[in-house]
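Residue numbers (full-length UniProt numbering): 1 to 793.
Here it is as structure tokens:
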């Protein structure tokens, strides 16, 4: 927002320099973007009066003027088309300087002497208008320095306001801030109710009360819009970057800049019936004041009469109902529109207006009547007229409520890092216009005025105190914390270590969405009903994942579609399982997926395809990272997403910790994946706990290796045999390894051969053959009794 420093100081005038004022505004959050002079650099320019203007004898486009400077008369040759007798204009006398180095001297133009120059607004850097002389009001004092007369020793200050500070989009709001910062008196203009001189009104209906809970209007008859807007108002508008149009529009713009309330003036004769504030109807069109025709959308709030729309509410008026030079009767509008109802609507039509800018950021919902009275008084003063009574329609239930906040002294001290005196706290908040009353020891009840809609919490009040006290004055202290080193559990496998392990084994880390397509979720996990998103990005991302495998499978498909035959990916992240209690279990998981050849293509590598046991080896490497691989069991089991003959359930101490296997052929077909594809998924928390490493002395005595091959039924699990051997071999068993599995020729079709190697060693002596044989006999007897195992001949 741009504003005139002189205008601001007419409301509040702290005894500080311009630089200090600008710095203070920036420090309190109203960042100043620029400070520019209100006019160009010039001197020696006075108010002059053209006494006569005659045609130049040798130039059709030049006139020879007699100009009075109050004390003397001068002959000036001028080419402006509006140079004529009787008008007052800026007169640069001989010796005047325009800009940095343009000095006015006596000259001859086509043989006629010229002493001085009559100036346009652009030559004085007052505007871009260079079509003619800058005409001054008829009562301008001839001979007075133009800079003094127009108050041009002024600065235009531009502040970049954050969206929450809509209350500062006016001189009144800025003045409140300056007054609060300097505890300076605020001198508001006197705004008294203007009495009605007739009883004409127009009925108002609020058909969309939530979007427009307050609407105020007034009929003003017999205005004379041929009268000019006063120069002081034009100048204040110009310095706020608003162009003067006509008195009615200028006055509504002026009140908007002064008080912060956007307003609109309608031509009363164009209003058929009364005013209806409603949403646009399908197919309605409106030609705006800028000549653009728009097709109104049903969610757009409009001001209408009983026949058609008159304006887009809070954005721009319609051309047919706008004020023209022939207008004599006005209907003055001042309304409160809900921020949500206006937000984004102007941009949706490719528009941005001063009015929409303010309504989108919030307007004081108690300001409308005062703005109407102010605009009425200015209209009567400038263009005359006969005002009617103010009419008002209010939907009180949809108006904002006055906020009441409890403020605690203890909380202030905690947040600011210092203790503010109670008197200062009360003074700062009172200066901002907040109502404050002590409520017991160490706290206050604060009533927030209607213009500060950005204050709703205790922390907002503390922020206001910090702003007014000065951010630069708050104490600076380094935070203190207990920085003792925390113990790192040696028995725990950190996720970082597991990631590095998988990368070393040829995997690449992937990050997929936490939400997936509902059908994909059912394919991988039909058991759990996923949590549906209330507002999904798209239909393909509508539910929270209950497994990491769907996302990884889609990533494999993405790679295969780009001619990548060998893919190995892993991901760590959360899965989301709805619970019967209504809560959502967010469980950390580690999953991997692989397809293609066992080894990368190379001259020394065979082109063997990846199989189940390759992936099982990767999973065993993960589980063995914590030194507790022997505590895990791999058991054949069916999973809805895995191949029935190539899937395993991974358990530890009787609890399932994950799954491993080939993706189901039907699932491969559904996803159009080129198989086989193998995957695993592990519960990260349960596989992270390992065992604490402990030292054991190496034996100096020889090992004894005995190998056995036993025949067992096909359904017997090798893991069960190995567990039985561990129990019966005793403490001298140092290593146990299954090194061969055979089925086929030479053995019963219903049985299989398992070849197992046992390594025995004593810590303090050499084992005898009798001791070793006794161990082997005990092992074989247990296998025979427990599994119907026989030694293979």
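Virtual Cβ for every residue (Gly too), placed ideally from N, Cα, C.
Subject >> Helix, strand or coil at residue 474 [DSSP, three-state] >> reply: coil
Subject >> Nonlocal neighbours in the same chain, by C-beta distance under 7 Å from residue 197, ignoring five residues either side >> reply: 386 and 387
**OP:** Just the C-alpha distance for residue 451 and residue 167, rounded to the nearest angstrom, thanks.
**Re:** 6 Å
Subject >> Among 9, 25 and 404, nearest to residue 467 - alpha-carbon criterion >> reply: 25
Original post:
Which value, in whole angstroms, describes the spacing of the CA atoms of residue 568 and residue 586?
Top reply: Whole-angstrom Cα-Cα distance: 25 Å.
Original post:
Near residue 736, which residues of its chain fall below 8 Å by C-beta distance, leaving aside the five closest residues on each side in sequence?
Top reply: 722, 725, 726, 729, 756, 757, 758 and 759
Subject >> Cross-strand partners of residue 56 (DSSP beta bridge) >> reply: BP columns for residue 56 are empty, so no partner.
Original post:
Where in the segment 614–646 do unbroken runs of the beta strand (DSSP E), each at least 3 residues long, occur, reported from the N-terminal end onward?
Top reply: 632–636
Original post:
Who does residue 589 pair with in a DSSP beta bridge?
Top reply: 573 and 683
Original post:
First and last residue of the beta strand (DSSP E) that includes residue 37?
Top reply: Its beta strand (DSSP E) spans residues 31–37.
Subject >> Neighbourhood of residue 143 by C-beta distance below 7 Å, restricted to the same chain and skipping five residues each side >> reply: 46, 47, 69, 70 and 71
**OP:** Work out the CA separation of residue 116 and residue 76 for me, nearest whole Å.
**Re:** 6 Å
Original post:
Smallest Cα separation from residue 323: which of 363, 362 and 267?
Top reply: 267
**OP:** For residue 673, count neighbouring Cβ atoms within 10 angstroms of its own Cβ and tell me buried if that reaches 16, exposed if not.
**Re:** buried
Original post:
Are the beta-carbon atoms of residue 711 and residue 789 separated by less than 8 Å?
Top reply: For residue 711 and residue 789, yes; Cβs fall inside 8 Å.
**OP:** Spatial neighbours of residue 247 within its chain, please: CB distance less than 7 Å, with the 5 preceding and 5 following residues excluded, ordered by chain position.
**Re:** 225, 227, 229, 382 and 383
Original post:
What's the call for residue 496, buried or exposed, on a 16-neighbour Cβ count within 10 Å?
Top reply: exposed
Subject >> Closest Cα partner of residue 343 within the set 358, 254 and 520 >> reply: 358
Subject >> Every unbroken alpha helix (DSSP H) within the segment 445–497, with a cutoff of 4 residues, ordered by chain >> reply: Runs of the alpha helix (DSSP H) inside the segment 445–497: 458–469.
Subject >> Cβ shell of residue 339 (< 6 Å), same chain only, five flanking positions each side left out >> reply: 362
**OP:** Could you check if residue 605 is buried or exposed, using at least 16 other CB atoms within 10 Å of its CB as the buried criterion?
**Re:** Burial check for residue 605: the Cβ neighbour count within 10 Å stays below 16, so the residue is exposed.
Original post:
Is it buried or exposed for residue 794, if we count other Cβ within 10 angstroms and need 16 for buried?
Top reply: Residue 794 is absent from the model: the chain starts at 1 and stops at 793.
**OP:** Quickly, what does DSSP pair residue 425 with across the bridge? List them, please.
**Re:** Its beta-bridge partners do not exist; DSSP assigns none.
Original post:
How is the beta strand (DSSP E) around residue 659 delimited, first residue to last?
Top reply: 655–663
Subject >> Runs of alpha helix (DSSP H) lying entirely within the segment 202–259, each at least 4 residues, in chain order >> reply: 231–239 and 247–259
Subject >> Through-space distance from residue 64 to residue 96, alpha-carbon basis >> reply: Cα-Cα distance, rounded: 20 Å.
Original post:
Of the choices 100, 99, 106 and 101, whose alpha-carbon is the least far from that of residue 93?
Top reply: 106
**OP:** Check the DSSP bridge columns for residue 295 and list the partner residues they point to.
**Re:** 285
Original post:
With C-beta atoms as the reference, is residue 662 less than 8 Å away from residue 676?
Top reply: yes
Original post:
Considering only residues of the same chain and omitting the five flanking positions on each side of residue 794, which have a CB-CB separation below 6 Å?
Top reply: Because the chain here runs from 1 to 793, residue 794 falls outside it and cannot be looked at.
Subject >> Supposed contact pair residue 454 and residue 445 - C-beta distance, whole angstroms, cut 8 Å >> reply: Actually they do not touch by this definition, with Cβ atoms about 19 Å apart.
Original post:
Would you call the CB atoms of residue 572 and residue 545 closer than 8 Å?
Top reply: no
Original post:
Can you tell me whether residue 292 is buried or exposed, with buried defined as 16 or more other CB within 10 angstroms of its CB?
Top reply: exposed
**OP:** Inspect the beta-carbon positions of residue 2 and residue 236 and report whether they are closer than 8 Å.
**Re:** no
Original post:
Does the segment 12–30 come close enough to the segment 177–184 that 3 or more CB-CB pairs lie under 8 Å?
Top reply: yes
Subject >> In chain order, each alpha helix (DSSP H) run of at least 4 residues that lies wholly inside the segment 116–179 >> reply: 146–150
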